[in-house]
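Participant: Mind having a look at this structure? Questions to follow.
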Amino acid sequence: MLRHLSFDIKQRSYTEEASRLARPDEKIFQEIQKEILKKHPNIANSLRSVMRTKNTLLVRATSPAAASALFTASSIILEVAERAGIGSVRFTV
């Protein structure tokens with residue numbers, strides 16, 4: 004049984020596996036963008052997308068500089084994530 008599972012996992016590509024685990028969440032994306040726009044209007048366009056797993060939010064920025072700017076607004080993003088029942092947030096480009 005384990006041998007078959009390991010073979011199945013090896014046959015799938017990493018992105019296929021990741022897309023099975025994480026899904027885009029447009030509702031949280033819009034909520035984060037709205038909150039950032041209120042307090043930091045100059046970095047609102049730095050947000051590319053938001054992916055959600057069971058307990059992690061993956062925030063994708065448009066560039067490395069944008070990721071740094073979004074990190075300054077991390078308290079806002081964490082607040083929105085906690086309202087959605089998500090415990091941790093990761094930033095990526």
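In this note's numbering, the protein residues as written are 4 to 96.
Glycine included, each C-beta is placed from N, C-alpha and C at the ideal position.
Note that the coordinates shown come from a computational prediction; the quantities given were computed from them, not determined experimentally.
Near Arg52, which residues of its chain fall below 7 Å by C-beta distance, leaving aside the five closest residues on each side in sequence?
Facilitator: Taking the sequence shown and counting its residues from 1, the one referred to as residue 52 is at position 49. It is Ser, not Arg, that sits at residue 52 in the sequence shown. So the qualifying residues of the chain are Pro27, Phe32, Arg63.
Participant: In the DSSP assignment, the beta strand (DSSP E) including Val92 goes from what residue to what residue?
Facilitator: To locate residue 92, count along the sequence shown from 1; it is residue 89. Where Val92 is concerned, the enclosing beta strand (DSSP E) stretches over 91 to 95.
Participant: Whose C-alpha, out of Val92, Glu82, Ser49, is nearest the C-alpha of Ser71?
Facilitator: Your numbering for residue 71 matches position 68 in the sequence shown. Out of Val92, Glu82, Ser49, Ser49 has the C-alpha closest to the C-alpha of Ser71.
Participant: Give the list of continuous alpha helix (DSSP H) stretches no shorter than 4 residues that lie fully inside the stretch 46 to 75.
Facilitator: Complete alpha helix (DSSP H) runs here, min 4: 67 to 75.
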